[in-house]
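Peer 1: With my numbering, the residue at position 60 of the sequence shown is 69, and numbering never jumps.
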Amino acid sequence: MQKIIIALGLAAAFGGTALASEKCNVAMADWKPREALQTKLEGEGWKVRSIKTEDGCYEAYAINAEGKKVEAYFDPQTLQSVDMKIED
């Protein structure tokens with residue numbers, strides 16, 4: 010029983026990262042600059058804290074227009090969101 014609980018916990022912890030990496034399979038030559046993502050998010054009212062590369066995606070930490078903390082993954086070619094976690 011304990012092994013099942015541990016396995017479920019690990020799946021929950023790493024599930025979002027796996028989802029993001031599956032959707033961000035883009036050659037580096039096709040990536041848009043990190044600054045383009047920052048400009049896009051700021052235009053949507055976000056206050057960007059940081060943007061880094063994680064599993065082939067851009068990972069942004071920000072405060073969204075509603076004032077909530079956001080951790081979001083973006084396709085580096087299209088700058089479209091592929092996964093997002095919003096703090097309550």
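Where is the CB? At the ideal position from N, CA and C, for every residue including glycine.
Consult DSSP for A38 and reduce its assignment to one of helix, strand or coil.
Peer 2: DSSP places A38 in helix when its eight states are reduced to three.
Peer 1: Compute the Euclidean distance between the alpha carbons of Q89 and A38, then round it to the nearest angstrom.
Peer 2: Approximately 17 Å, taken between the alpha carbons.
Peer 1: In whole angstroms, what separates the C-alpha of T62 from that of F83?
Peer 2: Cα to Cα, T62 sits roughly 10 Å from F83.
Peer 1: Quick check on K61: does DSSP put it in helix, strand or coil?
Peer 2: Three-state result, K61: strand.
Peer 1: Quick one: is A71 buried, meaning 16 or more other Cβ sit within 10 Å of its Cβ, or exposed?
Peer 2: So A71 ends up on the buried side.
Peer 1: What does DSSP give as the partner residue(s) for A71 in the beta ladder?
Peer 2: Answer is V57 and V79, bridged to A71.
Peer 1: Using only the alpha-carbon positions, how far apart do K41 and K94 sit?
Peer 2: Taking the straight line joining both Cα atoms gives about 23 Å.
Peer 1: Which stretch, first to last residue, makes up the alpha helix (DSSP H) that contains E96?
Peer 2: Taken as a continuous stretch (DSSP letters only), E96 belongs to no alpha helix (DSSP H), as it is neither H nor E.
Peer 1: Contact check, A36 vs L50 under 8 Å by CB: the rounded distance?
Peer 2: Wrong, their Cβ atoms sit about 23 Å apart, outside the cutoff.
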